[in-house]
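The letter at position 196 of the sequence shown is residue 195 when you use numbering that gives the first Met the number 0, and the numbering goes up by one with no holes.
Ideal Cβ positions, reconstructed from N, Cα and C, are used throughout, including at glycine.
Here's the structure we're looking at; comments come further down.
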Amino acid sequence: MGANLTDAEKESVKESLKVEKDTEVEEITVDGNDLTKYIKDGNSQARMYSSAKITRLDKGKGLVIKIVTPDNITQVTNSMYATAMLTAGIEDAVVEVASPKPVTGHSALVGIYKAYEVSGETLDTERTDVANDELNLATKFAKDSGIDEDKVAELLTEIKKAIADNKPNTKEEVEKIVNEQLTKMNINLSEADRQMLIELMDRIRGLNIDFGKLSDQLSEMATTIKEKFGEIDPSFWEKVKQFFENLIDSIKAWFK
């Protein structure tokens, strides 16, 4: 729960997240101090409204994201949460996000981090910090550059895959990968935004992330969301289909 919610708003969030239907739920509060723990240079005075429920799944089940109050989460999409959470190291969970009022949705990520650790896991704060910057950049591109939200998430995923496949050793090699993916996807960024993307991906290159496993998790996530919720824009599944067709083509190329 975001610390700045009123009692009435907390009840509204519980209703949205169907907390009362669960037999065992541990409630925790997230405030600015948690923000500074998981995000470097975070504002400890930040106001926290967006909230989340995380339900752990058995190992290998993947990551499922559901925004249950879509009208009140104005910037962050399911796919944006997913790509950031996987960067942070969150695996095998159903994550539902809610807010009783219109908010960007960024602070829910901090709550997800805290809840995940309360459930017995330990997150690398360097990874959570990078994941937050990834989420900020994704929403910036969607808002300022007018790029479709799912296309932004696809771009970030494709760049990560290329980094995993090519294992760049320098920032210049990362820049080459970023430029190739921007051209491939016909995305035009300002020079300032392009440089921010290169900086972010160069930081991700230095993290201890199993990118092959990341692709598997994305596959599991797509299947699970469709089976569990079934209320996704049909165009999303066409993009997922194309994503994995491209991935299969890449795998075939490895053995040539």
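Apart from sequence neighbours up to five positions away, the residues of its chain that approach residue 162 with a beta-carbon distance below 8 Å are 173, 176, 200, 203, 204 and 210, ordered along the chain. When DSSP states are grouped into helix, strand and coil, residue 145 belongs to the coil group. Annotation: the segment 29 to 87 contains the following complete segments of the beta strand (DSSP E) (minimum length 3 residues), in chain order: 50 to 55 and 62 to 66. For residue 97, the secondary structure class from DSSP, reduced to helix, strand or coil, is strand. At a Cβ-Cβ threshold of 8 Å, residue 87 and residue 48 do not count as neighbours. Collapsing the DSSP output to three states places residue 191 in a helix.
Distance from the CA atom of residue 74 to the CA atom of residue 133, rounded to whole angstroms, is 13 Å. Using a C-beta cut-off of 8 Å, the segment 81 to 96 makes contact with the segment 109 to 129, since at least three inter-stretch Cβ pairs fall below that distance.
Partner residues in a beta bridge of residue 137, as assigned by DSSP, do not exist. Judged by DSSP secondary structure, residue 15 falls within the alpha helix (DSSP H) whose first and last residues are 6 to 15. Between the C-alpha atoms of residue 109 and residue 13 there is a straight-line separation of about 18 Å. Residue 181 and residue 6 have their C-alpha atoms some 46 Å from each other. Per DSSP, residue 182 is one residue of the alpha helix (DSSP H) stretching across 170 to 183.
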